[in-house]
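Working notes, beginning with the structure itself.
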C-alpha cells in the first residue's frame, strides 16, 4: 500500500553547497497512524545557501531533506541491490550527503570533486512498488577515474594501494573498498538514452562483456603502476596473449619470439598462428643479431617475449630490442609476469606493450585467474575491439580479488625478492645442486642486463639437482612447506618439476629440445619466513 512518495534528483550541481535544488515537502510521519495516506499537495524550492545561513550544518541538511517513511531503508536496500547490484541508493545518498563536509571544511573541495561524478535518480514509494536507482553519466554506468589523483603518490607501494580508488573511483560510495558490481547488462531509462549512447552522446558499458565498474578500478590501478595510458584485463594471461597476437599480427604476417617461454604460449604460436598464414622466427633471448636478421629479412609486425622467461629466467635487453624493432616498424610486447610491474617498467624501457598473467604476483593469493595488457590507448583499443568479440571477460568478483591483491603487492614482492635471492645463493653453493637459474646471480648469462633494467629479480628460482628424474622427484616430495602445483607468485610457496608438470606428454628427447631436463626444479618462493624455507630446502636436499 502506498503511503507516500518522495522523489529526489541529485546532479553534479546539487553537490555544491551553495547551489539550489528541488524536493517535495518532507511530511512528518511520527504522528500519522498506520494506514493513513497523507498527501503531498505542493512542492517547494529550497536553497542550500539559505539553510546554511540559518545555521544548519551539512549533516542537519541531510536529515531535513531526506526524512523517509517507515521501512524505507529496508525496502530501498532490497530494491537498490536488485537494480544496481550491491551498490545501494541509500549508500550513495549517505556518501554524498550525510557524510559531506561543511562548505568551509578543507575537505569540501575534495568531497565535491568526488561527489560531482555522480548523478543519481531515484523514485521511492512506501510499498516498494517503484524503487529505481542507477548512476548516470560519470558514475557506475561509465566507471573510470582520474589517474591524475595519483600524482601525489611518490612510490609504487602507495600506488598499488590507492590508484584507481582514492579520490578517483568511478563508483560513488563511502566504502573504503571497491564494491563488486555483479551485473550482466546495463539498462537505459528511455529509448532516447539508448539512441544517445549509440550516437556517442551518452556513456555506458551497455553489456557486461564490454566493461564493468569494478574491472575499471583494477585496470586503472595497473595502468598507474605501469605508467600506461590504458590497461585491458581479461579472464587469464593466456587470453591476453592470444587476443594480443591475433590483433597485432595480420594474416600472412611475421612475428619474432624467443626459445624459452611458457609452453602454452609456444603451442599457440607454433600450432595456431600458422593457420592464419603467420610465420614465426624463434631466437635465443640474447640473440640480438638474430632479431636484426629477422627484421631485415621479413616484414615483422611484432616481437613478443617474456623477460624474465619461463622457466630459465632469461632476460631480454628491452631498451635495445625496442629501439631495433621500432627502427624497422615492428612493435614490442613484453610479458613481464615474472618481473612484476614493481621490479621492471617495460614501457619506460621502450616496449610498446606489457602483458601479465595477473593470476601470479599481481593477484598474489593463488585464488584468481586474470590477465592484463597495458600500453598506449590506440593499441589497447585495437586489442579491446577483438576482445569484445571473442569474450574472455574478467568476472567482476575476480577483478575485486585483483584489486585486493595489489594492495599488498609491494610488501609481498619485497619479501619474495629477498627470499629468492638469498635462496639462490644458498642453492648455488650446495653440493647437491648442479646449476641455478636466477637473474640476481652473477653467474646468470643476463645478470648485467637484469641489473640495468630491474630493481629486484623476482620470487622464482629454477635449479637442477644432482640426480635424475626419480632423484629429483624424491627431493620435491621431501619438501614440507611448498605445494606441488603449477603457477607461481602467490603468498604460499609452490614447487614443480617441469619435466612432469608441464612436459610429461613429451619424450625425454623432445623435452631436451626445449632445454627441459629431468632434474629441473622451479621454485616459487612465497612470503613465508626465509629461515623456515631455507631449513626445509636443505633438509630435502639431504634426502637425495
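In the working numbering, the protein residues as written are 13 to 556.
C-beta atoms are modelled at their ideal positions from N, C-alpha and C, and glycine is treated no differently.
Please read these numbers as outputs of a predicted model, since none were measured by experiment.
Taking its Cβ as the centre, do 16 or more other Cβ atoms sit within 10 Å of residue i, making it buried, or is it exposed?
i, result
"residue 318", "buried"
"residue 250", "buried"
"residue 188", "exposed"
"residue 464", "exposed"
"residue 306", "buried"
"residue 474", "buried"
"residue 164", "exposed"
"residue 207", "exposed"
"residue 534", "buried"
"residue 552", "buried"
"residue 181", "buried"
"residue 197", "exposed"
"residue 204", "exposed"
"residue 520", "exposed"
"residue 482", "exposed"
"residue 378", "buried"
"residue 458", "buried"
"residue 586", "The question about residue 586 has no answer here: the residues shown for the chain are numbered 13 through 556."
"residue 531", "buried"
"residue 339", "exposed"
"residue 167", "exposed"
"residue 409", "exposed"
"residue 555", "exposed"
"residue 322", "buried"
Per DSSP, which one or two residues make a beta bridge with residue i?
i, result
"residue 256", "Bridge partners of residue 256: none, in fact."
"residue 246", "383"
"residue 345", "316 and 365"
"residue 418", "According to DSSP, which records beta bridges pairwise, residue 418 is partnered with nothing at all."
"residue 447", "476"
"residue 219", "197"
"residue 266", "291 and 312"
May I have the straight-line CA-CA distance separating residue i from residue j, to the nearest angstrom?
i, j, result
"residue 199", "residue 370", "30 angstroms"
"residue 524", "residue 510", "12 angstroms"
"residue 296", "residue 201", "57 angstroms"
"residue 221", "residue 212", "19 angstroms"
"residue 191", "residue 392", "25 angstroms"
"residue 503", "residue 493", "12 angstroms"
"residue 225", "residue 479", "52 angstroms"
"residue 255", "residue 282", "15 angstroms"
"residue 313", "residue 298", "20 angstroms"
"residue 230", "residue 472", "25 angstroms"
"residue 355", "residue 497", "24 angstroms"
"residue 193", "residue 415", "13 angstroms"
"residue 113", "residue 184", "A caution first: residue 113 carries a pLDDT of 40, below 50, which makes its placement in the model unreliable, though a value can still be read off. Cα to Cα, the separation comes out at about 16 angstroms."
"residue 352", "residue 375", "11 angstroms"
"residue 174", "residue 228", "14 angstroms"
"residue 99", "residue 454", "Legend: pLDDT at residue 99 = 38, less than 50; position of this residue unreliable, value from coordinates given subsequently. Cα-Cα distance, rounded: 53 angstroms."
"residue 336", "residue 488", "42 angstroms"
"residue 484", "residue 269", "30 angstroms"
"residue 232", "residue 442", "44 angstroms"
"residue 469", "residue 214", "46 angstroms"
"residue 449", "residue 433", "11 angstroms"
"residue 507", "residue 501", "11 angstroms"
"residue 446", "residue 526", "18 angstroms"
"residue 512", "residue 522", "13 angstroms"
"residue 540", "residue 380", "20 angstroms"
"residue 290", "residue 257", "10 angstroms"
"residue 186", "residue 178", "11 angstroms"
"residue 223", "residue 403", "11 angstroms"
"residue 388", "residue 542", "39 angstroms"
Contact check, residue i vs residue j under 8 angstroms by CB: the rounded distance?
i, j, result
"residue 451", "residue 435", "That belief does not hold up - the Cβ atoms of residue 451 and residue 435 are roughly 14 angstroms apart, past 8 angstroms."
"residue 383", "residue 400", "Not a contact, Cβ separation roughly 15 angstroms."
"residue 362", "residue 330", "6 angstroms"
"residue 537", "residue 550", "Not quite, the Cβ-Cβ distance comes to about 14 angstroms (not below 8 angstroms), so this is no contact."
"residue 327", "residue 490", "Contact doesn't hold; Cβ gap of about 31 angstroms is too wide."
"residue 259", "residue 398", "5 angstroms"
"residue 311", "residue 266", "6 angstroms"
"residue 275", "residue 514", "5 angstroms"
"residue 252", "residue 405", "The Cβ separation is near 12 angstroms, so there is no contact."
"residue 364", "residue 344", "5 angstroms"
"residue 292", "residue 303", "Not really, about 13 angstroms apart at Cβ, beyond 8 angstroms."
"residue 386", "residue 243", "4 angstroms"
"residue 357", "residue 176", "Incorrect: roughly 18 angstroms between the Cβ atoms, too far for contact."
"residue 277", "residue 294", "In fact, because the Cβ distance is near 12 angstroms, the residues do not count as touching under 8 angstroms."
Any heavy atom of the ligand ZN closer than 7 angstroms to the Cβ of residue i?
i, result
"residue 354", "For the ligand ZN, the structure offers nothing, since it holds no ligand at all."
Point to revise | Within the region 269-304, ranges of the beta strand (DSSP E) (whole runs, at least 3 residues) | key: Listed in chain order, the complete beta strand (DSSP E) runs (minimum 3 residues) inside the region 269-304 are 291-295.
**Study point:** 3 or more residues per run - each beta strand (DSSP E) lying fully within the region 467-549
**Key:** 472-477, 506-508 and 532-536
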